[in-house]
Amino acid sequence: MITTLNKLHAVNDNYAASRCCSKCSSNKPITEFYRSKRDGYDSSCKMCRKAQQKARNQTLDGKIKRAVYNSAKRAKHKGLEHSITYYDVKQMWNEQDSICALSGEPMLFDGIPYADNGVSIDRKDSRYGYTKGNVHLTTNKVNKMKGNKSIEEFMEKVANDNTPQQLNLF
Ligand SMILES: [Zn+2]
Numbered sequence: 028m029i030t031t032l033n034k035l036h037a038v039n040d041n042y043a044a045s046r047c048c049s050k051c052s053s054n055k056p057i058t059e060f061y062r063s064k065r066d067g068y069d070s071s072c073k074m075c076r077k078a079q080q081k082a083r084n085q086t087l088d089g090k091i092k093r094a095v096y097n098s099a100k101r102a103k104h105k106g107l108e109h110s111i112t113y114y115d116v117k118q119m120w121n122e123q124d125s126i127c128a129l130s131g132e133p134m135l136f137d138g139i140p141y142a143d144n145g146v147s148i149d150r151k152d153s154r155y156g157y158t159k160g161n162v163h164l165t166t167n168k169v170n171k172m173k174g175n176k177s178i179e180e181f182m183e184k185v186a187n188d189n190t191p192q193q194l195n196l197f
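If you read the sequence shown in our numbering, its first letter stands for residue 28, the second for the next number, and so on.
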C-alpha cells in the first residue's frame, strides 16, 4: 500500500515538476525542457533553445559550420577523404575575400541552398577528396558548371564555348 502511494506521489511529482527558464524567466512544465546529461534537464526551455540555435545558424560561423557538415556528408556518400575543418574554410573565406576562386564573382553565405552566388566548397582535382590544399571556395554556379573537370579543362571549356557572358568570367 505504502509503495503504491509512494509511486503515485512520484508520478505526481514528476507530472507537476516545472522549472524556471534561465533565458525567458518563465516557469514552465519540465516537459518544455530538453533532457540534458548534466543535471537532467536543460536550464533554458525548448522555445529558447530553438531560438538560440536558429540565431546561431544565421551567423557566418554557423553557416560555415553547416557548409563543412554538408561537405563531410557528401564526402562520406562518395567515399572520399574529408579532413577540412571549420577553421580551414573560415581561413579560405577570409583569404579569398569572399570572391569566387574561379570566376572572381562575389559569393554569399546567404542560406539559400544552391543559390547561384552561394558558396560552395569545390575540389580543385575531383579525383581527390576534401583536403586542405585540394579545395577552394567557388560559387554554386561555377561548381556546377565545372562538374568533374579539372580547373584547366574548365577554363578551356569556358574559353571555347564562346558564351563566357554566361559566367561573367571575361
Ligand atoms: Zn525560455
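Note that beta-carbon positions come from the ideal geometry of N, C-alpha and C, so glycine has one too.
Might you give, ordered along the chain, the residues of its own chain that have their beta carbon closer than 8 Å to the beta carbon of residue i, omitting 5 neighbours on each side?
| i | result |
| --- | --- |
| proline 133 | Ser125, Ile126, Cys127 and Asn144 |
| serine 53 | Cys47 and Cys72 |
| threonine 166 | Cys127, Ser130, Glu132, Met134, Asp143, Asn144, Gly145, Val146 and Ser147 |
Between residue i and the rest of its own chain, which residues show a CB-CB distance below 7 Å, the 5 nearest in sequence each way excluded?
| i | result |
| --- | --- |
| phenylalanine 60 | Arg46, Tyr68, Asp69, Cys72 and Lys73 |
| isoleucine 148 | Ala94, Ser98, Val116, Tyr157, Val162 and Leu164 |
| aspartate 152 | Asn161 and Ser177 |
| leucine 87 | Phe136 |
Among the options, which has the Cα closest to the Cα of residue i?
| i | options | result |
| --- | --- | --- |
| asparagine 121 | Ile91, Ala102, Ser110 and Gln85 | Ile91 |
| glutamate 179 | Tyr114, Ser49, Leu129 and Lys103 | Leu129 |
| isoleucine 111 | Ile57, Lys159, Ser49 and Lys184 | Lys159 |
| isoleucine 57 | Ser49, Ser63 and Ala44 | Ala44 |
Just how far apart, CA to CA, sit residue i and residue j?
| i | j | result |
| --- | --- | --- |
| glutamine 85 | cysteine 75 | 16 Å |
| glycine 89 | aspartate 188 | 38 Å |
| cysteine 51 | methionine 119 | 38 Å |
| tyrosine 96 | alanine 82 | 18 Å |
| lysine 171 | alanine 142 | 11 Å |
| arginine 65 | arginine 150 | 40 Å |
| glutamine 123 | glutamate 108 | 23 Å |
| lysine 184 | lysine 173 | 9 Å |
| tyrosine 114 | lysine 55 | 38 Å |
| glutamine 80 | glycine 106 | 30 Å |
Can you list, in chain order, the residues of its chain with a C-beta nearer than 6 Å to that of residue i? Leave out the 5 residues immediately preceding and following it.
| i | result |
| --- | --- |
| tyrosine 155 | Asn161 |
| alanine 37 | Below a pLDDT of 50, predicted positions are generally treated as unreliable, and alanine 37, at 48, falls in that range; no measurement from the model is reported. |
Hey, which unbroken runs of the beta strand (DSSP E) at 3 residues or more fall wholly within the stretch 116 to 161? Taking only runs of at least 3 residues, the beta strand (DSSP E) segments lying wholly in the stretch 116 to 161 are 146 to 150.
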